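*Asks:*
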Amino acid sequence: MEILSKIYGAILYFFTGALFKIPLGNDSTLDISLMILLLVPAGIYFMIRTRFVPVRMFPEMLRISVEKNDKGHGGAISGVQALIVSTATRVGMGNLVGVVAAVSMGGAGAVFWMWVMAIIGSSMAFVEATLAQIHKERDPLYGGYRGGPAYYMHKRFAGGKKKSIMAILFALSGLICWCAISQVSSNSVTTMFESAFSFEIPRVATVSVLVIIAAFIVLRKNTTVKVLDVMVPVMAVAYFALTIFVMIKNAGVLPSVFKRVFEEAFGIRQIAGGGIGAVIMCGVQRGLFSNEAGSGSAPCAAAAADVSHPAKAGLFQTLGVLIDTLVICTCTAMLLLTVPENISAGLEGMGLLNVAMEYHFGKVGVVFIALVLLLFSFSTFLGILFYARPNVAYVFGDTWTSQTVYKVIALAMFFVGGIMDPNFVWDFADIGIGLMTVFNIVAIIVMAKEALNALDDYTVLVKQRKKQE
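Every letter in the sequence shown is one number past the one before it in this note's numbering, and letter 114, counting from 1, is 165.
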């Protein structure tokens with residue numbers, strides 16, 4: 052067991068630890084991890100290559116999100132439904148648990164670096180989603196379409212062989228990662244429910260009920276998207292309204308909150324204490340977990356969309372990243388940071404969120420956020436099982452047996468995660484998403500030209516439409 056523990060620690064350090072350090076003075080260093088080394092340069096590269104698509108095409112993103120042309124036919128899902136599925140995993144976990152973790156470990160400054168990762172990552176989201184749409188294929192099991200990084204890697208790297216080693220490694224990494232995220236989801240719910248009510252709810256009771264409900268949904272053929280179609284918009288709007296109320300109520304302290312975010316982000320307080328590197332690292336790592344850009348998760352939903360042009364799928368996912376972090380993540384951060392520091396000092400994780408909600412709304416706030424977290428975490432679990440479909444099929448073939456076995460394993464991990472140590476669960480998720488990101492970044496850099504050509508073609512169509520209008 053000791054040897055396995057050392058191997059696990061070495062793998063975790065490779066993805067999240069410091070490959071090298073940049074001295075910042077006063078014993079402070081900027082620890083450059085593999086994730087930062089991959090995602091930041093790649094994000095800047097794609098921002099330039101797409102000519103700042105998140106800014107330039109933002110009005111078009113809003114337009115296609117409300118148009119009525121792309122409905123999805125023959126079992127396929129629409130572009131908006133693909134956005135909803137990917138939003139289920141982003142808003143479901145990243146925006147609540149991810150932000151709480153970032154603020155707990157990195158302070159207010161970590162929020163700024165989550166914003167930075169969203170802006171940098173949004174162009175990567177466009178490229179990977181567009182590639183997934185270009186290389187999608189018919190789904191013989193569920194109907195409609197399927198695809199994602201494993202499928203566009205296959206087209207580029209298989210070399211005429213039946214399977215691509217790189218694609219298999221990505222798919223297996225994704226399946227491992229999504230099992231870990233399912234553990235994070237259930238762990239967050241059970242931890243919150245333990246303290247949210249006046250009477251103690253055993254973890255095993257909470258997670259047992261969730262597993263039964265989840266099994267009823269995911270073990271049926273096409274129920275997942277239907278459930279998310281209803282659940283995600285309702286919970287996102289309700290949560291957004293809640294946080295807007297908090298910000299209006301605390302409008303007087305918002306300037307000082309934003310001042311604190313920027314001060315801590317650039318280390319005015321942290322450099323003196325030698326912690327600026329930790330602030331940046333927490334923001335970047337949790338930012339990746341939140342918006343998923345570059346990791347290859349969201350393209351699995353983008354490929355399933357029935358849209359009139361591949362670039363539309365890319366624009367939907369770009370919009371999803373911006374909504375995820377710049378809007379919803381900011382709302383969560385405001386819930387936490389508008390609490391006076393003398394009340395929240397020393398708290399972390401779900402304990403910090405509980406105190407914040409009790410400060411804003413009293414005991415009913417703790418109960419309410421527990422229920423919100425339940426919905427968010429549940430939608431995340433449903434979303435990642437949708438992601439898993441094409442990857443299970445790529446590795447194990449088009450059989451209902453392999454699809455069902457993975458779902459049962461994920462349900463088991465969902466149950467186990469509800470009673471495990473949360474630190475281990477987070478570490479396991481970081482390793483999985485790290486592996487996915489390595490394979491996916493290599494692929495989208497090599498294949499970027501296809502997505503950029505699609506963007507150029509779509510840009511011409513947009514100009515033509517505007518002339519006709």
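All residues carry an ideal CB built from backbone N, CA and C; glycine is no exception.
Just so we're clear, the structure is a prediction, and the values are computed from it rather than from any experiment.
Under the three-state reduction of DSSP, which class applies to GLU343: helix, strand or coil?
*Replies:* coil
*Asks:* Report yes if the CB atom of PRO350 is closer than 8 Å to the CB atom of GLU179, and no otherwise.
*Replies:* yes
*Asks:* Would you check if the distance between the CB atom of CYS382 and the CB atom of THR294 is smaller than 8 Å?
*Replies:* CYS382 places its beta carbon less than 8 Å from that of THR294.
*Asks:* For a test of the three-state rule: what should DSSP assign to ALA505, helix, strand or coil?
*Replies:* Helix at ALA505.
*Asks:* Quick one: measure Cβ to Cβ for MET112 and THR452, integer angstroms, because I've assumed they're closer than 8 Å.
*Replies:* Not really, about 40 Å apart at Cβ, beyond 8 Å.
*Asks:* If the criterion is Cβ atoms closer than 8 Å, does the pair ALA355 and ARG189 meet it?
*Replies:* no
*Asks:* Quick check: the region 94-109 against the region 484-494, are there 3 or more CB pairs under 8 Å?
*Replies:* Look at the beta carbons and you see the region 94-109 not touching the region 484-494: under three pairs across the two are nearer than 8 Å.
*Asks:* Between which two residues does the alpha helix (DSSP H) carrying MET86 extend?
*Replies:* 85-100
*Asks:* Expressed to the nearest angstrom, what Euclidean distance is found between the alpha-carbon atoms of GLY434 and PHE419?
*Replies:* 23 Å
*Asks:* With DSSP run on the structure shown, which of helix, strand or coil describes TYR457?
*Replies:* helix
*Asks:* Can you find at least 3 beta carbon pairs, one from the region 370-378 and one from the region 211-227, that sit closer than 8 Å?
*Replies:* no
*Asks:* Can you give the Cα-Cα distance for VAL406 and VAL378, rounded to whole angstroms?
*Replies:* 22 Å
*Asks:* Enumerate, from N- to C-terminal direction, the unbroken alpha helix (DSSP H) stretches of 4 or more residues contained entirely within the region 425-451.
*Replies:* none
*Asks:* Is it the case that the Cβ atoms of PHE163 and VAL312 are separated by a distance below 8 Å?
*Replies:* Contact: yes.
*Asks:* Where does VAL513 fall in DSSP's three states?
*Replies:* Helix at VAL513.
*Asks:* Would you say LEU220 and MET498 are within 8 Å of each other, going by their C-beta atoms?
*Replies:* For LEU220 and MET498, no; Cβs fall outside 8 Å.
*Asks:* For SER236 and THR431, which I take to be in contact (beta-carbon distance under 8 Å), what is that distance rounded to the nearest angstrom?
*Replies:* 5 Å
*Asks:* What are the start and end residues of the alpha helix (DSSP H) that includes GLY210?
*Replies:* GLY210 -> no alpha helix (DSSP H), and no H or E assigned at all.
*Asks:* Give me the Cβ distance between TYR203 and PRO441, rounded to the nearest whole Å; I'm assuming they're in contact under 8 Å.
*Replies:* That pair is no contact at about 11 Å.
*Asks:* For ILE54, name the three-state secondary structure that DSSP assigns.
*Replies:* In this structure, ILE54 counts as helix in the three-state DSSP scheme.
*Asks:* State the Cα-Cα distance for the pair ASN301 and THR389, rounded to the nearest angstrom.
*Replies:* About 7 Å.
*Asks:* Taking only the alpha-carbon atoms, compute the straight-line gap between CYS380 and ARG516 and give it to the nearest angstrom.
*Replies:* 34 Å
*Asks:* As an exercise, report each continuous beta strand (DSSP E) stretch of at least 3 residues that is fully enclosed by the region 162-240, in chain order.
*Replies:* none
*Asks:* By DSSP's criteria, PHE50 is part of a beta bridge. Which residues make up the other side?
*Replies:* Given a span of 52 to 520 for the chain in the structure shown, any question on residue 50 remains unanswerable.
*Asks:* What do you get for ASN238, buried or exposed, if any count of 16 or more other CB atoms within 10 angstroms of its CB means buried?
*Replies:* buried
*Asks:* On the premise that VAL262 lies in contact with LEU425, defined as a C-beta separation below 8 Å, what is that separation, rounded to the nearest angstrom?
*Replies:* The pair is not a contact, with the Cβ atoms about 13 Å apart (cut-off 8 Å).
*Asks:* ARG114 by DSSP, collapsed to three states: which one?
*Replies:* helix
*Asks:* Can you tell me whether PHE244 is buried or exposed, with buried defined as 16 or more other CB within 10 angstroms of its CB?
*Replies:* buried
*Asks:* On the three-state DSSP scale, how would you describe VAL390?
*Replies:* The answer is coil: DSSP assigns VAL390 none of H, G, I, E or B.
*Asks:* How long is the line joining the alpha carbons of ALA287 and ILE216, rounded to whole angstroms?
*Replies:* 38 Å
*Asks:* In the DSSP assignment, the alpha helix (DSSP H) including GLY47 goes from what residue to what residue?
*Replies:* No answer is possible for residue 47: it lies beyond the span of the chain, which begins at 52 and ends at 520.
*Asks:* Can you tell me the Cα-Cα spacing of GLY160 and GLU314, whole angstroms?
*Replies:* About 7 Å.
*Asks:* Quick check on this structure: which residue in MET385, GLY158, PRO200 and VAL150 has the alpha carbon closest to the alpha carbon of VAL33?
*Replies:* One cannot answer for residue 33 here, as it falls past the ends of the chain, which runs 52 to 520.
*Asks:* Which runs of the alpha helix (DSSP H) spanning at least 4 residues fall entirely within the region 283-308, listed in chain order?
*Replies:* none
*Asks:* Which residue wins for smallest C-alpha separation from ILE99, given the options SER173, LYS414 and PHE437?
*Replies:* Residue SER173 is the option with its Cα nearest to ILE99.
*Asks:* Once DSSP output is grouped into helix, strand and coil, what is the label at SER348?
*Replies:* coil
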